[in-house]
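Take a look at the structure set out below.
There are 2 protein chains.
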Amino acid sequence: MSNPRSAKTKKRTRIQQENELKILNSALEVFSQHGFRGSTVDQIAEMSDMSKPNLLYYFNSKEAIIRILIDQLLDKWLDPLRKINPDGEPLSEIQSYMRRKLEMSRDFPRESRLFANEILQGAPRVQDELRDLKKLVDEKAQVITSWIRAGKLAKCDPYHLIFSIWATTQHYADFDVQVKAVLGPKLSGPGRFEDAARFLDHLYINGLKP
Amino acid sequence: MSNPRSAKTKKRTRIQQENELKILNSALEVFSQHGFRGSTVDQIAEMSDMSKPNLLYYFNSKEAIIRILIDQLLDKWLDPLRKINPDGEPLSEIQSYMRRKLEMSRDFPRESRLFANEILQGAPRVQDELRDLKKLVDEKAQVITSWIRAGKLAKCDPYHLIFSIWATTQHYADFDVQVKAVLGPKLSGPGRFEDAARFLDHLYINGLKP
DNA sequence: TGTAATATTTACCAGACGGTAAAAAAATGC
DNA sequence: GCATTTTTTTACCGTCTGGTAAATATTACA
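Read top to bottom, the protein sequences are chains A and B.
In terms of the working numbering, the first sequence opens at residue 1 and continues consecutively.
In terms of the working numbering, the second sequence opens at residue 1001 and continues consecutively.
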């Protein structure tokens, strides 16, 4: 068999497990920074302390690697949205969702940037995933609408509400260099996520009116 | 002289002006969709109805083209922020700024995506510009702080306020495919920018509290 | 209309890229 | 310790890419 991953259910050896993990980790690093076409297999191989042919022994192609990364990503990415509880207190559900998304930007910035790269470049590889995404968002938009009807939330477009939460939270991962450049060395510590959370809490609940 | 652009102040011929414009326009299209390394000179040349050597007669290198695009971009990009008037009515100044940024996303999505690509990939070419950006943001953050002190605005972090406006507005350009996929064909018309503006107006002024 | 300057084409090149074949080396199981 | 499987290395290949040299065609202007 040419490739260990193509074996259907055969148990993986220790070396396989280690190397596949190492490769995927390097690939995430490289792809998230340079995008797919901007990355080279050699870069990923070098970061994995491996020769290019050796890497291609574990994964058939560059394309195969990013496919796996994307599949792993989307599930994790949608989890915070799934966790929104229709029976919870609306304002605090929104708030928790925002916080969960912000934590993802803090803890998984590479995943965020990989996804951003894909979308930015026209999402050629995530068409199916976008369909799933729409389904889930439609569902949650209905929940939000029901909250508004019940008078628990200000009247607003639920889709754009969700967009704004995505945008504001992912910004801290995707535009990290810009955020750091603007905040300067003093304010760029890990505390910036706390500051962001505090600001967004206030914005989403009370707005800017004094 | 090998290249018409390298001539210091010599007046440009009609053909030069036309072709340079055509090339820069194609380059913006290509770079904004594929990023720098993901784009090829041939792509840009083809889109300009030109051979690659002919294109390189007008611009010395691929790098030179993106440099010019970036220089043109930043100025335009910071304009809405510059226009914030310290003597205006705070809430409506914020609102106008948000609207101006949203209009830029609507009218110049390629510029937005080009910039996003640069930042996402570590901003290797925009270090100087980020310094200018910081200066301007520091200045406007002070204005916002003075508004808060005067009791004209809710107490909040001015930097994160600016970040949130950038994020929410640029989202509609940078993540356009995702926005369209989620909204579906019916809601994806040009009217989505009006819907977004309405939502953001309400969010930034009143928040979500019913 | 002739001529100098500008613009375009043709034919390349050297290096990087994704990927393969096959042999050598290392690990595994008996 | 030996045979089998797994892993790694070496040596490639065809294609694409950014860029160049030089010849040709076109334009502008006196």
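Idealized CB from N, CA, C, for every residue including glycine.
* Asked: With a CB to CB cut of under 6 Å and the five nearest residues on each side skipped, what residues in its chain are close to Pro-86/A?
  -> Val-143
* Asked: What does Pro-1210/B reach in chain A if we use C-beta pairs closer than 7 Å?
  -> Gly-151, Lys-152, Leu-153 and Ala-154
* Looking at chain A, which residues of the region 1116-1138 of chain B have a Cβ within less than 7 Å of any of its Cβ atoms? -> Ala-1116, Asn-1117, Ile-1119, Leu-1120, Gln-1121, Gly-1122, Ala-1123, Leu-1130, Leu-1133, Lys-1134 and Val-1137
* **CB of Phe-1193/B within 8 Å of CB of Arg-1106/B, strictly** => yes
* Compile a chain-ordered list of the residues in the region 1157-1170 of chain B whose CB is closer than 9 Å to at least one CB of chain A. => Asp-1157, Tyr-1159, His-1160, Leu-1161, Ile-1162, Phe-1163, Ser-1164, Trp-1166, Ala-1167, Thr-1168, Thr-1169 and Gln-1170
* To do: Compare the Cα-Cα distances from Lys-22/A to each of Arg-37/A, Asp-79/A and Asn-54/A and report the closest residue.
  => Asn-54/A
* Neighbour list for Val-143/A in chain B, Cβ cutoff strictly below 8 Å -> None at all; the shortest Cβ gap to chain B is about 14 Å.
* Thr-169/A: buried (16+ other C-beta within 10 angstroms of its C-beta) or exposed? -> buried
* So what does DSSP say about Met-1047/B, is it helix, strand or coil? -> helix
* Asked: For Ala-211/A, does the count of other Cβ atoms within 10 angstroms reach 16, so buried, or fall short, so exposed?
  -> Residue 211/A falls outside the range modelled here, since chain A spans only 1 to 210, and no answer is possible.
* Asked: On the three-pair Cβ rule with 8 Å, is the region 1189-1208 of chain B touching the region 194-209 of chain A?
  -> yes
* Asked: How close, in whole Å, do the beta carbons of Phe-1199/B and Cys-156/A come, if the pair is a contact with beta carbons under 8 Å?
  -> 6 Å
* Asked: Cα separation between Ser-1002/B and Gln-1033/B?
  -> For Ser-1002/B, the predicted structure reports a pLDDT of 42, less than 50, and the residue's modelled location is therefore unreliable. A value from the coordinates is still provided. One C-alpha to the other measures close to 30 Å.
* Could you tell me if the beta carbon of Asp-1176/B falls within a distance shorter than 7 Å of some heavy atom in the ligand NAP? => As for the ligand NAP, it is missing from this structure, which has no ligand bound.
* Hey, out of Val-1179/B, Ile-1094/B, Ala-1196/B and Ala-1197/B, whose CA is closest to Pro-1158/B's CA? -> Ile-1094/B
* Decide yes or no for the touch test of the region 1121-1138 of chain B against the region 176-190 of chain A: beta carbon pairs closer than 8 Å, at least 3 of them. => yes
* **chain B within 8 Å of Gly-207/A, Cβ atoms only** => yes
* Does DSSP classify Met-1/A as helix, strand or coil? -> Unreliable placement is indicated for Met-1/A, whose pLDDT of 39 sits below 50; the coordinate value is still reported in the next sentence. It is coil, neither helix nor strand.
* Contacts around Gly-1191/B, its chain only, beta-carbon distance under 8 Å, and the 5 residues preceding and following it disregarded -> none
* If we ignore side chains and look at the alpha-carbon of each, how far apart do Leu-1028/B and Ala-1150/B end up? -> 43 Å
* Could you give the distance in angstroms between the alpha-carbon of Gln-1016/B and the alpha-carbon of Gly-1035/B? -> 26 Å
* Listed by chain order, chain B residues near Val-182/A by CB distance under 7 Å -> Leu-1133, Lys-1134, Val-1137 and Tyr-1159
* Asked: Which chain A residues sit within Cβ distance under 8 Å of Glu-1178/B?
  -> The amino acid occupying residue 1178/B in the given sequence is Gln; Glu does not appear at that position. Those within 8 Å of Gln-1178/B in chain A are Ile-119, Ala-123, Leu-130 and Leu-133.
* **Bounding residues of the alpha helix (DSSP H) (the contiguous stretch that carries Thr-40/A)** => Per DSSP, Thr-40/A belongs to no alpha helix (DSSP H) and is neither H nor E.
* Asked: Skipping 5 residues on each side, what residues in its chain have a beta carbon closer than 7 Å to that of Lys-1008/B?
  -> Residue confidence is low: Lys-1008/B scores 43 on pLDDT, short of 50, so the model does not pin down where it sits. No coordinate-derived value is stated.
* **chain A contact residues for Tyr-1097/B, given Cβ-Cβ distances below 9 Å** => By Cβ distance, chain A contributes nothing, its closest Cβ being about 12 Å from Tyr-1097/B, past 9 Å.
* Asked: Can you find a CB in chain B that lies within less than 8 Å of the CB of Tyr-204/A?
  -> yes
* Label Gly-38/A either buried or exposed according to how many other C-beta atoms from any shown protein chain fall within 10 Å of its C-beta, with 16 as the threshold for buried. => buried
* Please specify which runs of the beta strand (DSSP E), each continuous and at least 3 residues long, are wholly inside the region 155-191 of chain A, giving them in chain order. => none
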